[in-house]
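Colleague: Pasting in a structure now, in structure tokens, and then I'll have a few things to ask.
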Amino acid sequence: MAVTIVGILAAISVPLSRKIIVTTKGDAVLNDLRVFSGSFQAYVHERGDWPAGSAAGVFPTGMDGYLRQSNWTRVTPIGGKYYWNPNSVQNGTRYRAVIVLATVSPNSVTTDTNQLLAIDRAIDDGNLATGNFQLGTSNYPIYILER
Numbered sequence: 005m006a007v008t009i010v011g012i013l014a015a016i017s018v019p020l021s022r023k024i025i026v027t028t029k030g031d032a033v034l035n036d037l038r039v040f041s042g043s044f045q046a047y048v049h050e051r052g053d054w055p056a057g058s059a060a061g062v063f064p065t066g067m068d069g070y071l072r073q074s075n076w077t078r079v080t081p082i083g084g085k086y087y088w089n090p091n092s093v094q095n096g097t098r099y100r101a102v103i104v105l106a107t108v109s110p111n112s113v114t115t116d117t118n119q120l121l122a123i124d125r126a127i128d129d130g131n132l133a134t135g136n137f138q139l140g141t142s143n144y145p146i147y148i149l150e151r
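To convert, count from 1 in the sequence shown and add 4; that's the working numbering.
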């Protein structure tokens, strides 16, 4: 009897735990992107143009004061690193200002479509092919600040 009850509880709690983890990671990415967006917007407001691009996980030139207290240099909650890619061509379309979540070995960005769609629904239109949060080149998630 006790084994049956434990089995039932495990069957209920494992999917629930997975859902909570997915939601928590998505919320953390959403928060990071909001913080980063505000930082980049402040930079462009003060200086008149977007900063130059940078390598993944590296502060773009001039942005360390804006991003110093953020998660920019850490592995993202869904793997990979953030990187700034202005004048970026993504799947044949040029965007003026883009934050990319890119795989940086050994940290791969998730390919879990449900995870990415959950983030997209929270930010945008729930479609990974349109809107400001979508899949870009190499199927890396991108967040578009300016088209």
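Beta carbons: idealized from backbone N, C-alpha and C, even for Gly. The model shown is predicted, which means the values in this text are computed figures rather than measured ones.
(1) Roughly how far, in whole angstroms, is the beta-carbon of Y144 from the beta-carbon of V102, given that I think they are within contact range, below 8 Å?
(2) Taking the continuous alpha helix (DSSP H) assigned at R98, which residues delimit it?
(3) For R98, tell me which candidate among R38, S58, T141 and A106 has the shortest Cα-Cα distance.
(4) Is it the case that the stretch 27-41 contacts the stretch 64-83, given that we only count it when at least three CB pairs across the two stretches are under 8 Å?
(5) N118 bridges to which residues according to DSSP?
(6) If you follow the alpha helix (DSSP H) that L71 is part of, which residue opens it and which one closes it?
(7) Measure the Cβ-Cβ separation of D124 and N136 and say whether it is below 7 Å.
(8) Classify A106 as buried or exposed, calling it buried when 16 or more other Cβ atoms lie within 10 Å of its own Cβ.
(9) Let me check you understand the geometry: is the CB of W76 closer than 6 Å to at least one non-hydrogen atom of the ligand PLP?
(10) What are the boundary residues of the beta strand (DSSP E) that includes W88?
(11) According to DSSP, is Y147 helix, strand or coil?
(12) Among the candidates V48, A133 and P110, whose CA atom is the shortest distance from the CA of Q94?
(13) Going by Cα to Cα distance, which pick from L120, E50, Q138 and E150 is closest to V26?
Modeller: With the given structure in hand:
(1) Numbered from 1 along the sequence shown, position 140 holds the residue referred to as residue 144. Numbered from 1 along the sequence shown, position 98 holds the residue referred to as residue 102. The Cβ separation is near 10 Å, so there is no contact.
(2) For the purposes of this step, residue 98 is identified with residue 94 of the sequence shown, where counting begins at 1. That residue, R98, is in no alpha helix (DSSP H); its beta strand (DSSP E) goes T97 to Y99.
(3) Here residue 98 is taken as the residue at index 94 of the sequence shown, counted from 1. The shortest C-alpha separation from R98 is found at T141.
(4) yes
(5) To locate residue 118, count along the sequence shown from 1; it is residue 114. Answer is none; N118 lacks a bridge partner.
(6) In the sequence shown, the residue the question calls residue 71 occupies position 67. It spans D68 to L71 - the alpha helix (DSSP H) in which L71 sits, taken as one unbroken run.
(7) In the sequence shown, the residue the question calls residue 124 occupies position 120. In the sequence shown, the residue the question calls residue 136 occupies position 132. No, the Cβ-Cβ distance between D124 and N136 is not below 7 Å.
(8) In the sequence shown, residue 106 corresponds to position 102, counting from 1. A106 is buried by the Cβ-count criterion.
(9) Annotation note on the ligand PLP: not contained in the displayed structure, which lists no ligands.
(10) Within the sequence shown, numbered from 1, the residue matching residue 88 stands at position 84. Taken as a continuous stretch (DSSP letters only), the beta strand (DSSP E) holding W88 covers K85 to W88.
(11) Counted from its first residue, the sequence shown places residue 147 at position 143. Strand at Y147.
(12) Position 90 of the sequence shown, counted from the start, is the residue given in the question as residue 94. The candidate whose alpha carbon is nearest that of Q94 is A133.
(13) Indexing the sequence shown from 1 puts residue 26 at position 22. Closest option to V26, Cα to Cα, is L120.
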